[in-house]
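Protein chains in written order, with this note's numbering: chain G, 105 to 309; chain D, 8 to 222.
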Amino acid sequence: MTGRFLYVQNAYGGPPPALTKVSGHTIHFYQQYDTERLDWSTYDAVLISMSADQVHLNEISPKLQAYLNGGGTLLINGHVARPFLPELSRYEPMEKRGLKELVIHRENEHPLFQHISAESLTLRKGVAGFYGRGTNPPPTGALVIHSVGPDHVAVDWLYDRPEGGRIFVHSGVELWAVLMLEGPQGLPVIQGFFDWLSQTSKVAA
Amino acid sequence: MSQKPIVAIIDGGQHYHHDSITREPFKDFFDHVIYLRDVAKTDLSAFDILIIPCRTNAYYLAPLSGQLQAFLRGGGTLVAMGETFPDTWLPGIGFRSMPTNFWWWLTPGADLGLRMTDPSHAICRYLGKDDVTFHLHGAFEPLHPNQKSLVETSEGECQMFEDVISYAPGRLVATTLDPFFHHGAFFMPATTRMLAGMLHWLIDTEAERKSEKAA
Chain G
105 MTGRFLYVQN AYGGPPPALT KVSGHTIHFY QQYDTERLDW STYDAVLISM
155 SADQVHLNEI SPKLQAYLNG GGTLLINGHV ARPFLPELSR YEPMEKRGLK
205 ELVIHRENEH PLFQHISAES LTLRKGVAGF YGRGTNPPPT GALVIHSVGP
255 DHVAVDWLYD RPEGGRIFVH SGVELWAVLM LEGPQGLPVI QGFFDWLSQT
305 SKVAA
Chain D
8 MSQKPIVAII DGGQHYHHDS ITREPFKDFF DHVIYLRDVA KTDLSAFDIL
58 IIPCRTNAYY LAPLSGQLQA FLRGGGTLVA MGETFPDTWL PGIGFRSMPT
108 NFWWWLTPGA DLGLRMTDPS HAICRYLGKD DVTFHLHGAF EPLHPNQKSL
158 VETSEGECQM FEDVISYAPG RLVATTLDPF FHHGAFFMPA TTRMLAGMLH
208 WLIDTEAERK SEKAA
């Protein structure tokens with residue numbers, strides 16, 4: 105199933121290299137302020153970069169919510185510093201802890217992560233801490249997929265909104281970068297994201 | 008008697024800008040925070056130092072080039088941090104990107120090879136090799152004769168320069184290193200030290216520059 109995706113970029117230069125290697129789907133790359141004039145309603149998912157301008161996202165929050173209400177999926181990377189949807193709260197960094205405590209836990213199995221283990225996410229080249237070091241606190245009813253540390257604070261969560269649409273949040277460095285830190289073996293994981301998002305999309309083709 | 012310089016910083020809306028600017032330990036360093044899309048309507052002449060933090064989107068700095076150069080020519084200090092690509096919005100800056108090596112430090116005894124270029128420069132009272140060593144994104148090449156290298160690799164590739172000539176009496180400081188990003192993402196303690204050192208250096212030397220000018 106071919107999906108249509110919008111990547112909301114806020115950085116100089118080209119798109120994340122890994123996303124140019126995704127096959128079978130169409131990904132449109134736009135600088136963030138230019139996405140305002142686009143019709144989002146035909147995208148299976150809109151991907152928000154960790155470098156997004158969250159002041160601007162607040163300004164266009166009605167557009168984000170209308171897109172979600174129409175059955176869309178928002179995939180949000182990074183730390184929420186200025187909550188731009190009612191479902192989001194400000195990022196809470198973990199207390200400073202030793203790297204050995206930055207263990208990623210799989211709280212619930214999910215098809216998005218069927219190609220990679222929590223152990224592998226914990227240690228990138230044997231180093232802990234890249235994947236997540238705190239939480240964008242999830243709303244009540246969200247499915248927590250990954251948590252971090254002794255307190256199991258949510259790093260990755262998926263929320264099906266009662267009003268329609270769904271929000272996936274990764275509380276850390278851009279997924280398309282962190283999954284590629286060990287090289288090309290990250291690609292099938294990323295491909296799996298796009299396949300699943302398109303297969304389960306509620307956006308009318 | 009030197010006056011305390013007025014420090015302004017641009018906020019590009021990124022989370023790591025907001026968290027660097029509004030949280031301890033740096034929140035009291037910034038007298039004014041200017042949202043990126045408000046810069047064009049802001050009178051920059053009210054500020055002594057204007058900082059463009061790491062990864063501010065260069066596409067939106069380019070239309071501000073004339074305003075930023077006027078700020079420099081008016082005597083201000085403009086600071087372009089890592090991944091803001093000043094080569095794309097200021098004339099006379101050369102830049103060569105490098106693949107980021109995240110893993111050099113996993114080799115026992117490894118040294119990324121960064122060093123302070125001129126041990127007699129004032130910045131070395133504030134920053135040392137360990138404070139600027141995290142990873143590389145690129146180098147300023149070719150370096151213009153007016154651009155004095157402050158941090159370099161073991162091969163002499165410039166990672167930070169100061170230019171007090173091209174826009175005199177203004178001062179341009181640029182670095183390829185991106186501590187605002189890492190500090191603001193609560194990652195890598197060296198980047199917090201680098202910011203602390205840079206901010207104190209900029210503020211102390213700005214006060215000296217201003218008192219010299221007044222004398």
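Just so you know, even glycine gets a beta-carbon here, dropped at the ideal spot from N, CA and C.
Source: prediction; values computed, not measured.
Taking a 10 Å sphere around the C-beta of ASP137 of chain D, we find fewer than 16 other C-beta atoms and assign the residue as exposed. Its Cα nearest to that of LEU121 of chain D, the residue D:LEU157 stands out among D:GLU213, D:LEU157, D:ARG132, D:LEU57. LEU71 of chain D is positioned such that its CB atom lies closer than 7 Å to that of VAL46 of chain D. Judged by DSSP in its simplified three-state form, GLY89 of chain D adopts coil rather than helix or strand. Within the model, the alpha-carbon separation for ALA53 of chain D versus VAL126 of chain G is close to 48 Å. With the rule of 3 Cβ pairs closer than 8 Å, the segment 254-261 of chain G does not count as touching the segment 163-183 of chain G. The DSSP-derived three-state label of LEU227 of chain G is strand. Around the beta carbon of ARG103 of chain D, a 10 Å sphere encloses fewer than 16 other beta carbons of the protein chains shown; the residue is thus reported as exposed.
The C-beta of PHE33 of chain D comes no closer than 7 Å to any C-beta of chain G. Taking CB atoms only, HIS144 of chain D has no neighbour in chain G less than 7 Å away.
No Cβ-Cβ contact shorter than 7 Å links ALA149 of chain G with PHE188 of chain G. With respect to chain G, the C-beta atom of ASN64 of chain D has a partner C-beta closer than 7 Å.
The beta-carbon of GLN154 of chain D is placed no less than 7 Å from the nearest beta-carbon of chain G. The residues ALA87, ILE100, ALA181, in chain order, have a CB closer than 7 Å to that of PRO93 of chain D in the same chain once the five nearest residues on each side in sequence are set aside. Taking CB atoms only, ASP157 of chain G has a neighbour in chain D less than 7 Å away.
Boundaries of the alpha helix (DSSP H) around SER72 of chain D: 72-80. The beta carbons of TYR111 of chain G and HIS132 of chain G sit about 7 Å from each other, so the pair counts as a contact at 8 Å. Less than 7 Å separates the beta-carbon of THR91 of chain D from that of THR63 of chain D. At least one beta carbon of chain D lies nearer than 7 Å to the beta carbon of ASN114 of chain G.
From the listed residues G:ILE208, G:LEU301, G:LYS229, G:THR177, the smallest Cα separation to GLY268 of chain G is found for G:THR177. Per DSSP, ASP137 of chain D has no beta bridge partner at all. Setting aside the 5 residues that flank it on each side, LEU203 of chain G is surrounded in the same chain by ALA232, GLY233, each with a C-beta closer than 6 Å to its C-beta; the list follows chain order. Nearest CB-CB separation between PRO197 of chain G and chain D: below the 7 Å threshold.
Residues of chain D whose Cβ lies closer than 7 Å to the Cβ of ARG186 of chain G are, in chain order, HIS25. Interface annotation for the segment 162-183 of chain G against chain D: GLY182, HIS183, criterion Cβ-Cβ distance under 7 Å. Bridge pairing for LYS155 of chain D: D:GLU169 [DSSP]. For ALA53 of chain D, no chain G residue has a C-beta closer than 9 Å to its own C-beta; the minimum C-beta separation is roughly 22 Å. Nearest to ASN240 of chain G by C-alpha distance, out of G:GLY290, G:VAL282, G:TYR195, is G:TYR195. Near chain G, meaning a CB-to-CB distance below 9 Å, no residue of the segment 118-131 of chain D qualifies.
Following the DSSP letters along the chain, one finds ARG178 of chain D inside the beta strand (DSSP E) bounded by residues 178-182. For GLY238 of chain G, the chain D residues whose Cβ falls inside 9 Å of its Cβ are PHE193, in order along the chain. In the three-state DSSP reduction, ILE294 of chain G falls in the helix class (H, G or I). Among the bridge pairs identified by DSSP, PRO197 of chain G is matched with G:GLY238. Looking at G:THR304, G:ARG270, G:SER153, the one whose alpha-carbon comes closest to that of TYR137 of chain G is G:SER153.
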